[in-house]
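Numbering (the working numbering), first residue to last: 57 to 389.
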């Protein structure tokens, strides 16, 4: 295992834009690499993406491995995984980090199986054990009620997916230079049995809740899909994203892309409005990093009030329109 050294970050991109979770991983990866005395590297796959290397260099990547091929223009599980595995087998990183995104989760699971190594999913903490130099990976378990720490002592690379918004982005320094390593892969590696037939984009377009500073979320207390209209009004005034609990999504009141919680998105806004959300532990696991939580619920015993910064007991269908009206007045001044 002495051959496996550097810390790698999979640099996820979408239509040529590097996802913010990549910069978060580079920030945390820098600490891990410094602890081990190794290089921090990024892996960038896609088509026409070589100019994005500077974005990664500015965030501290010392080496950037790039595979730029037309076959990688859109994400494909088989080809992306095969290319990543090929690079790992050639260069032997000691640690490989991916974002806990749809792409990262899917690809990393396949890669770990092909590499015969372990994968710890949805991590919220990473640190190097000073005694063994192994990667200690902490993640929520038992519906978020406990935190567990795992280690992969006998296999390499040590792989983890990391939740968005739980780690700080690497500082931007445009004066940094990196070693750009263009990689060639065999044609067989790029082949895939999967063919994309079409791409469907959800009709509803709102502020991305993962990146939002303010989120207005609704739960079962919204009663139906029409109930979310008052939340959208409030979100529109505040420039906020619209979120939802699993109960609301399972009831088909709002699209899954808005789901917040352990089975949805982990968010870290400055202000989180929890409207008609009881506060099941799975939901709380996704909002615990919020700076301020404002809960509105007619049930005074709702668990959400135990973690809320501010709580209001009352009829949200009366309170939220009033809040919207008052915020509109204040923000016009």
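Built from N, CA and C at the ideal position, the CB exists for glycine as well.
It should be emphasised that the depicted structure is a prediction, and the values quoted were computed from it without experimental measurement.
- C-alpha of residue 371 to C-alpha of residue 125: approximately 56 Å in a straight line.
- DSSP places residue 345 outside any alpha helix (DSSP H), giving it a letter other than H or E.
- Its Cα nearest to that of residue 207, the residue 182 stands out among 355, 145, 182 and 106.
- Counting along the chain, the unbroken alpha helix (DSSP H) around residue 288 starts and ends at 285-294.
- Residue environment for residue 357: exposed (fewer than 16 other C-beta atoms within 10 angstroms of its C-beta).
- A distance below 6 Å between beta-carbons, with the five flanking residues on each side excluded, links residue 364 to the following residues of its chain, in chain order: 349 and 351.
- Inter-residue distance for residue 220 and residue 162 is about 16 Å (C-alpha atoms, whole angstroms).
- As far as DSSP is concerned, residue 142 takes part in no beta bridge.
- Fewer than three pairs of CB atoms, one per stretch, sit closer than 8 Å, so the region 94-106 makes no contact with the region 248-258.
- In this structure, DSSP gives residue 333 a state outside helix and strand, which the three-state scheme calls coil.
- Distance from the Cα of residue 136 is smallest, within the candidate group 170, 203 and 227, for 170.
- Counting only residues of its own chain and dropping the five nearest sequence neighbours on each side, residue 177 has a CB closer than 6 Å to the CB of 217.
- Collapsing the DSSP output to three states places residue 254 in coil.
- In the three-state DSSP reduction, residue 373 falls in the helix class (H, G or I).
- Shown here, residue 165 sits in a helix according to DSSP, grouped into three states.
- The DSSP assignment places complete alpha helix (DSSP H) segments of no fewer than 4 residues inside the region 156-227 at 158-171, in order along the chain.
- The beta strand (DSSP E) runs of length 3 or more contained entirely in the region 79-112 are, from start to end of the chain, 96-102.
- Residue 385 and residue 294 have their alpha carbons spaced roughly 11 Å apart.
- Sequence-distant partners of residue 142 (beyond 5 residues in either direction) whose C-beta falls short of 7 Å from its own C-beta, in its chain, are 241 and 245.
- Residues of the same chain with a CB within less than 6 Å of the CB of residue 305, apart from the 5 flanking positions on each side, are 312 and 315 in chain order.
- Rounded to whole angstroms, the Cβ separation of residue 291 and residue 297 is 7 Å, and the two are in contact under 8 Å.
- Cβ-Cβ distances below 6 Å link residue 77 to 155 and 220 in the same chain, with the five nearest sequence neighbours on each side left out; the list follows chain order.
- If you check the CB distance, residue 286 and residue 376 come in under 7 Å.
- Its chain contains 298 as the residues whose beta carbon lies nearer than 7 Å to that of residue 288, once the 5 sequence neighbours on both sides are disregarded; these appear in chain order.
- When only Cα atoms are considered, residue 236 and residue 117 end up about 10 Å apart.
- Here residue 120 really is in contact with residue 113; their C-beta atoms are around 7 Å apart, less than 8 Å.
- In this structure, residue 164 keeps its C-beta atom at 7 Å or more from the C-beta atom of residue 223.
- Residue 319 and residue 338 have their C-alpha atoms roughly 7 Å apart.
- Annotation for residue 305: the continuous alpha helix (DSSP H) segment containing it runs 302-306.
- Going by DSSP, residue 238 is part of the beta strand (DSSP E) stretching over 235-238.
- In the structure shown, the three-state DSSP call for residue 273 is strand.
- The beta carbon of residue 85 is closer than 7 Å to those of 63, 65, 96 and 153 in its chain, skipping five residues each way along the sequence.
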